[in-house]
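Reading through the structure tokens given below for one structure.
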Amino acid sequence: PPHTTLQSHTKKKRLIYSCDHHRYITLIQKDIYLFFTMKIKITSKTHVKPNKPILGKQQFQLTTFDLPYLAFYYNQKFLLYKFQNPLDLEEPTFQNNVVEKLKDGLSSVLEDFYQLAGKLAKDDEGVFRVEYDADDEEINGVEFSVAEAPDVSVGDLTIEDGTAKLEEFVPYSRISNLEGLSRPLLVIQVTKLKDGLAMGLAFNHAVLDGTATWHFMSSWAEICRGAKTISTQPFLDRAKARDTRVKLDLTAPKDPNAGDGAAEPPQLVEKVFRFSDSAIHTIKSRANSAIPSDGSKPFSTFQSLTSHIWRHVTLARGLKPEDITVFTVFADCRRRVDPPMPEEYFGNMIQAIFTGTAAGLLAAHGPEFGASVVQKAIVAHDARVVDARNEEWEKSPKIFQFKDAGVNCVAVGSSPRFKVYEVDFGWGKPETVRSGSNNRFNGMMYLYQGKAGGISIDVEISLEAHVMEKLEKSKEFLLIEEEDGKSLSNGNGNANGNGLV
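As numbered in UniProt numbering, residues 1 to 501 make up the sequence shown, in order.
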């Protein structure tokens, strides 16, 4: 039967009306309209395995870089494509030229990324591994579903305000990575729209990080465009990253939102802020206009932008001057470890880098202060620190919960370095690329390459409603020039300016 999103929209309606803000009322009226028209029907569900059998039983012990994320949810991605030729959406053309092409390409690329076709397992001592065995009947491969939503257009999903409308398009919402013991490690849903295609994916985050995810995605697209082999092979030997047996006593998935029971987590709203080339240049030049004389080097785009967001979120939260605010970034350690790991390493090679300061200091100083705090933390996280963190965790393993990101935090995941708009399966680049609803908490943001290219960056962020409302009104945050009425933001959400979606 068709699926709808009544629960998501009902919850969102209560939250939005409580804000008593005209913009929110307008958005929910649009959502109510979409609720009555957005019907999704699953038409088929199959499983895809590597085209050629992988000989023997393959086992790869999860490393210290992988294990902390077992209680996180599956890592969801959403890609939206508009078809230029309406005939491509007619049957049997769509089934033959789109669905079968994707499945054939997936079967081929899984010959190299066969770990994704496997499952999680653990031995009697509680040591986790990912394994693949072509002869194991319990290993089904990648789950691949096809759906249709004939009343939904690409535009309906491009202009979405949060992820509520995406939940029926992206599988495995609120499914823990630990459930990979009995579920596929990769789940894909392809939905035919009125004028295009929506692709929702859920990756088990205990098996791979963002770098490995987009390596897989670009390789799959490469095969679908006609390549016989992928241009860059994955490096599969996890023991080269860390070869330590860590025993964990985990039997049931734990909600990463769970705290100590003292308080319910706040309800959040999500926004996408699009920073154009000119906006990024302005933010970076302002941060670098007064580099502190404390050994700081010129600030990078990442350091300038994330500290800009950190400072203005802190202001919008209305914290007391003495309150501590934490900045967290989940950083790629492939080049930080000694010896370095190849960029093509398949697995997790990320660690959380923490830093913090008093809210009053962050607010009172210019953009160079926050950028310097971020830069020092990133530079200090070298091979010695990475190893020490791993050794500390191995002595006393702790499965991450969202609250571990830090008090009054702003946390950064994903990276604008990922070439997400180059994932072309043969019908052009995506109209939009987004994260799903999983693994979001107060202050969590995901950075993506902007569709406009250059150095433009899209920022997805989740905040409490009253904080988001203040952030949207901040002319300094949005780079709106008051004196002459000019703005680096056109405010309408397209990729040519720093707008809101």
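C-beta atoms are modelled at their ideal positions from N, C-alpha and C, and glycine is treated no differently. Computed from a predicted structure; not experimentally measured.
Own chain, CB closer than 8 Å to residue i, minus 5 neighbours either side, in chain order
| i | result |
| --- | --- |
| HIS22 | Its pLDDT being 32, under 50, HIS22 is placed unreliably by the model, and the measurement read from it follows with that caveat. Taken in chain order, the list of residues that qualify is empty. |
| ARG334 | THR211, PRO340, MET341, PRO342, GLU343, TYR345 and MET349 |
| ILE294 | Strictly speaking, residue 294 in this sequence is Asp, with Ile absent from that position. The answer, listed in chain order, is SER372. |
Option in the options with minimal Cα separation from residue i
| i | options | result |
| --- | --- | --- |
| LYS320 | ALA359, ALA388, LYS470 and MET341 | ALA359 |
| LEU193 | PRO397, LEU479 and LYS39 | LYS39 |
| SER278 | SER44, GLN76, LEU478 and GLN58 | LEU478 |
| ALA331 | PHE65, THR43 and LEU181 | PHE65 |
| ALA221 | ASP104, THR306, LYS395 and ARG317 | ASP104 |
| LEU79 | LYS45, VAL379 and ALA198 | ALA198 |
| ALA465 | LYS473, THR232 and VAL459 | LYS473 |
| VAL407 | GLY453, PHE418 and THR355 | THR355 |
| THR282 | PRO266, HIS308 and VAL420 | HIS308 |
| PHE144 | ASP88, VAL190, ARG334 and THR163 | VAL190 |
| THR314 | ILE378, ALA411 and LYS376 | ALA411 |
| LYS247 | ASN96, LYS395 and GLN59 | LYS395 |
| PHE402 | THR328, GLY366 and ALA149 | THR328 |
| ARG274 | LEU305, PRO266, ARG225 and ILE353 | LEU305 |
| VAL272 | PHE72, ASN97, GLU137 and SER435 | SER435 |
| GLU476 | ASP387, TRP393, VAL142 and GLY366 | GLY366 |
| ASP133 | GLN58, VAL152 and GLU392 | GLN58 |
| ALA377 | LYS470, SER296 and GLY453 | SER296 |
Buried/exposed call for residue i, threshold 16 Cβ in 10 Å
| i | result |
| --- | --- |
| GLY443 | buried |
| PRO92 | exposed |
| ARG238 | buried |
| VAL100 | Looking at the sequence itself, residue 100 is Glu, so the reference to Val does not match. So GLU100 ends up on the exposed side. |
| ALA287 | buried |
| GLY56 | exposed |
| GLN351 | buried |
| ALA364 | exposed |
| ASN438 | buried |
| GLU125 | exposed |
| ALA371 | buried |
| PRO234 | buried |
| HIS312 | buried |
| ILE139 | buried |
| SER276 | buried |
| LEU106 | buried |
| ASN85 | exposed |
| VAL379 | exposed |
| ASN390 | buried |
| PRO50 | buried |
| GLU148 | buried |
In DSSP terms, what residue i is bridged to
| i | result |
| --- | --- |
| THR325 | THR357 |
| HIS47 | GLU143 |
| PHE203 | ASN75 and LEU186 |
| SER176 | TYR73 |
| GLU460 | VAL272 and TYR446 |
| GLU131 | GLN59 and LYS119 |
| ILE350 | ASP332 |
| THR191 | ALA147 and ALA198 |
| LEU80 | ALA198 and THR432 |
| VAL412 | VAL329 and MET445 |
7 Å CB neighbourhood of residue i in its chain, flanking five on each side removed
| i | result |
| --- | --- |
| ASN291 | In the sequence under discussion, the amino acid at residue 291 is Ile, which differs from the Asn named in the question. For ILE291, where only same-chain residues beyond five positions count, the Cβ hits under 7 Å are PRO298 and GLU368. |
| TYR69 | ASN177, HIS205, ALA206, ASN348 and PHE400 |
| THR301 | ILE280, LYS284 and ILE455 |
| residue 503 | Any answer about residue 503 is impossible in this case: the structure gives the chain only from 1 up to 501. |
| LYS52 | GLU111 |
| ILE230 | VAL109, ASP112, SER219, GLU222 and ILE223 |
| residue 505 | What the structure shows of the chain is the stretch from 1 to 501, and residue 505 is not part of that stretch, so it cannot be assessed. |
| PHE418 | GLY210, TRP214 and GLN449 |
| VAL146 | THR43, SER44, VAL99 and VAL190 |
| ARG317 | ASN408 and VAL467 |
| ASP249 | GLY126 |
| PRO150 | LYS194 |
| LEU102 | VAL190, CYS224 and PHE425 |
| VAL374 | GLN303, THR306, SER307, PHE327 and THR355 |
| THR357 | THR325 and VAL373 |
| LEU208 | PHE346, GLY347 and ASN348 |
Residue i Cβ short of 6 Å to the ligand ADP heavy atom set
| i | result |
| --- | --- |
| GLN59 | Looking at this structure, you won't find the ligand ADP or any other ligand, since it has none at all. |
Same chain, Cβ closer than 6 Å to residue i, neighbours up to 5 away in sequence not counted
| i | result |
| --- | --- |
| SER462 | LEU268, GLU270, ARG440 and MET444 |
| ALA202 | TYR74, GLN76, PRO171, TYR172 and VAL187 |
| PHE216 | PHE113 |
| GLY180 | LEU120 and ASN204 |
| THR63 | ARG238, ALA241 and ARG242 |
| GLY196 | TYR81, LYS82, PHE83 and VAL154 |
| TRP310 | PHE327, GLY370 and VAL410 |
| VAL48 | LYS103, LEU106, SER107, GLY141, VAL142 and PHE144 |
Cβ pair count under 8 Å reaching 3, the segment 419–426 against the segment 118–136: Output reads no: the segment 118–136 does not touch the segment 419–426.
Meets three-Cβ-pair contact criterion under 8 Å: the segment 334–351 and the segment 383–396: The answer is yes - the segment 383–396 touches the segment 334–351, with three or more Cβ pairs under 8 Å.
Touch test, the segment 102–119 against the segment 168–187, Cβ-Cβ under 8 Å, three pairs minimum: Yes, they touch.
The segment 430–439 contacting the segment 149–169, beta-carbon criterion three pairs below 8 Å: Yes, the segment 430–439 is in contact with the segment 149–169.
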